[in-house]
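Undergrad: In the order they appear, the protein sequences are chains E and W.
Residue 0 is where the first sequence starts when you use numbering that gives the first Met the number 0, and the numbers rise one by one after that.
Residue 0 is where the second sequence starts when you use numbering that gives the first Met the number 0, and the numbers rise one by one after that.
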Amino acid sequence: MADKSKAGMEFPPISWEVERGKIGELVRAIQDDNPIYLDKEAAIAEGYKDSPAPPTFLTVPMMFNSGLASVLSELKINFAMVLHGEEEYEYYQEIYPGDVITGKPKVTDVFEKTSKSGRTMDMITLEVEYTNQRDEKIAKARTLIVERK
Amino acid sequence: MAKEIYFDDIEIGSEMPVLNKGPLNKLQFVMYAGASGDFNPLHVLDEFAKSVGMEEVISHGMLVMGFVGQAVTAWMPKKYLKKLGVRFVGMTKPNSTITIAGKVVDKRNENGESIISCEVSAKDEQGDIKITGHFEASLPTR
Numbered sequence: 000m001a002d003k004s005k006a007g008m009e010f011p012p013i014s015w016e017v018e019r020g021k022i023g024e025l026v027r028a029i030q031d032d033n034p035i036y037l038d039k040e041a042a043i044a045e046g047y048k049d050s051p052a053p054p055t056f057l058t059v060p061m062m063f064n065s066g067l068a069s070v071l072s073e074l075k076i077n078f079a080m081v082l083h084g085e086e087e088y089e090y091y092q093e094i095y096p097g098d099v100i101t102g103k104p105k106v107t108d109v110f111e112k113t114s115k116s117g118r119t120m121d122m123i124t125l126e127v128e129y130t131n132q133r134d135e136k137i138a139k140a141r142t143l144i145v146e147r148k
Numbered sequence: 000m001a002k003e004i005y006f007d008d009i010e011i012g013s014e015m016p017v018l019n020k021g022p023l024n025k026l027q028f029v030m031y032a033g034a035s036g037d038f039n040p041l042h043v044l045d046e047f048a049k050s051v052g053m054e055e056v057i058s059h060g061m062l063v064m065g066f067v068g069q070a071v072t073a074w075m076p077k078k079y080l081k082k083l084g085v086r087f088v089g090m091t092k093p094n095s096t097i098t099i100a101g102k103v104v105d106k107r108n109e110n111g112e113s114i115i116s117c118e119v120s121a122k123d124e125q126g127d128i129k130i131t132g133h134f135e136a137s138l139p140t141r
C-alpha cells in the first residue's frame with residue numbers, strides 16, 4: 000500500500016527538451032489532423048510562434064523521464080495495481096519545439112478511500128509545475144493515481 | 000483548422016461539435032506507447048493483459064484524453080484553452096469507436112478575461128462512458 004508519510008514530498012525536477020518530431024509523433028498516434036502541429040506555417044498563420052505542443056503533451060516528459068515511475072517507487076506503490084484516475088492540465092503559455100521545460104513533481108495527498116462495493120483503495124494526488132528555459136510558468140498538471148488492494 | 004470563436008456567440012448549453020474516433024486498433028496503442036513513453040505492457044501485449052485477467056490489451060487512458068483534446072481544439076483555437084481535466088471512468092478496448100461530445104455549462108468575466116466552462120465526455124459505440132471531464136477557455140469578444 001502507498002506510504003502515507005510521503006504526502007507533501009517533493010521530487011527532483013525533471014527536465015525535457017521539446018523536439019518537433021516528438022510533437023509530430025504524439026499527434027500522429029492520436030490521429031489529430033489539426034495542421035498547426037505538423038506545419039509550422041499553418042501554426043504561424045493562426046497566431047502561434049511555431050507548431051505548439053498539443054494539450055496532452057506534458058505526459059511525454061513525465062513518462063520518458065520516469066517521473067511517474069520514480070514517484071510510484073518512492074511511495075512503495077505496486078505498479079501492477081495502479082489505475083490512472085484523473086488528469087488535469089492548466090495552461091499558462093504555449094510549449095514550442097526547442098523549449099526546455101522543467102517539471103517539479105510534488106505528492107500533494109495520500110489517502111484511503113472505500114468504494115461503494117466496500118473495496119479500499121489508496122488515492123495519491125500528484126502536482127507538477129512546469130516552467131520553460133526563461134523560468135516562465137507554462138503549465139500545471141494534476142494527477143490522481145489509484146492503487147487497488 | 001479551428002474556426003474563430005467569440006464569447007458573445009456562446010450560450011450556456013451550446014454544444015461542441017461531436018468528434019468520432021476509431022475504430023481503434025492495437026497498432027494505434029503501440030504508436031501511442033512510443034510517442035508518449037508509456038510502455039505499460041497492459042496496452043501493447045495481449046499475453047500480459049491476459050495474465051492480469053483481461054481478454055486483451057486496453058487503450059492508454061491518455062490516448063482517449065488526447066481525443067478529447069483534439070475535439071476541443073478542433074472547435075476553438077488551442078491557444079484559448081486554459082484548463083482541461085478528465086476522470087478515467089472505464090477501460091477502452093481495441094475496435095471501439097469513441098465519440099467525444101461537450102457543452103457549455105457556464106460563462107463569466109473574470110480578471111478581464113471572458114471565460115467559458117464546459118463539460119465533456121467520451122463514450123464508446125455501446126454508450127459506455129470512458130471519460131468525463133471539463134475544460135475552460137478564455138475567448139475573444141466581438
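The C-beta atom is built at its ideal place from N, Cα and C for all residues, glycine as well.
So which residues on chain E does V56 (chain W) lean against when the C-beta distance must stay under 7 Å?
TA: Within 7 Å Cβ-Cβ: nothing; V56 (chain W) doesn't reach chain E, min ~15 Å.
Undergrad: When the cut-off is 7 Å and only beta carbons count, does M90 (chain W) lie next to chain E?
TA: Chain E contact via Cβ: absent.
Undergrad: Tell me, please, whether the CB atom of D31 (chain E) is closer than 7 Å to any CB atom in chain W?
TA: By this cut-off, D31 (chain E) is an interface position.
Undergrad: With DSSP collapsed to three states, give me the class of V67 (chain W).
TA: Reduced to three states, the DSSP call for V67 (chain W) is helix.
Undergrad: Compute the Euclidean distance between the alpha carbons of V102 (chain W) and S120 (chain W), then round it to the nearest angstrom.
TA: What sits at residue 102 (chain W) in the sequence shown is Lys, not Val. Roughly 9 Å between the two C-alpha positions.
Undergrad: Could you work out which residue in W:P93, W:T140, W:L83 and W:I114 is closest to I11 (chain W) when comparing CA atoms only?
TA: The option with the nearest alpha carbon to I11 (chain W) is W:I114.
Undergrad: CB-CB under 7 Å to A41 (chain E), same chain, minus the five flanking residues each way: which ones, in chain order?
TA: If we look at A41 (chain E) and ignore the five residues flanking it on each side, its Cβ neighbours are P34 and I35.
Undergrad: Roughly how many whole angstroms lie between the Cα atoms of D38 (chain E) and D37 (chain W)?
TA: Cα-Cα distance, rounded: 26 Å.
Undergrad: Here's the rule: buried if 16 or more other CB atoms are within 10 angstroms of the residue's CB, otherwise exposed. What is N108 (chain W)?
TA: N108 (chain W) comes out exposed.
Undergrad: Hey, is the segment 111-121 of chain E in contact with the segment 86-102 of chain W, meaning 3+ C-beta pairs nearer than 8 Å?
TA: Output reads no: the segment 86-102 of chain W does not touch the segment 111-121 of chain E.
Undergrad: For P139 (chain W), is the classification buried or exposed, using 16 other Cβ atoms within 10 angstroms of its Cβ as the cut-off for buried?
TA: Exposed, since its Cβ has fewer than 16 Cβ neighbours within 10 Å.
Undergrad: In the DSSP assignment, find the alpha helix (DSSP H) that holds E46 (chain W) and state where it starts and stops.
TA: Unbroken alpha helix (DSSP H) run through E46 (chain W): D45 to S50.
Undergrad: Quick one: which chain W residues come within Cβ less than 8 Å of Y149 (chain E)?
TA: Nothing in the structure corresponds to residue 149 (chain E), since chain E is present only between 0 and 148.
Undergrad: Run through DSSP, which three-state label would E40 (chain E) get?
TA: E40 (chain E): helix per DSSP, three-state reduction.
Undergrad: Quick check: the segment 74-94 of chain E against the segment 45-57 of chain E, are at least 3 beta-carbon pairs closer than 8 Å?
TA: Verdict: yes, contact present.
Undergrad: Taking G33 (chain W) as the query, report the chain E residues whose CB atoms sit under 9 Å from its CB, ordered along the chain.
TA: Within chain E, the residues near G33 (chain W) are E24 and A28.
Undergrad: Under the rule that 16 or more other beta-carbon atoms within 10 Å means buried, what is A79 (chain E), buried or exposed?
TA: Classification of A79 (chain E): exposed, given that the 10 Å Cβ count is below 16.
Undergrad: Taking the beta carbon of T58 (chain E) as the centre, do at least 16 other beta carbons fall within 10 Å, making it buried, or is it exposed?
TA: Buried.
Undergrad: Return the chain-ordered ranges of every beta strand (DSSP E) run that is complete within the segment 94-123 of chain W and spans a minimum of 3 residues.
TA: As far as the segment 94-123 of chain W is concerned, its whole beta strand (DSSP E) runs of at least 3 residues are 97-109 and 112-122.
Undergrad: Taking only three categories from DSSP, how would you classify V70 (chain E)?
TA: Residue state, collapsed to three classes: helix.
Undergrad: Beta-carbon of T119 (chain E) versus every beta-carbon of chain W: anything under 7 Å?
TA: Answer no: the Cβ-Cβ gap between T119 (chain E) and chain W never drops below 7 Å.
Undergrad: Classify I44 (chain E): buried if its beta carbon has 16 or more other beta carbons within 10 angstroms, exposed otherwise.
TA: Just to set this straight, residue 44 (chain E) is Ala in the shown sequence, not Ile. A44 (chain E) comes out exposed.
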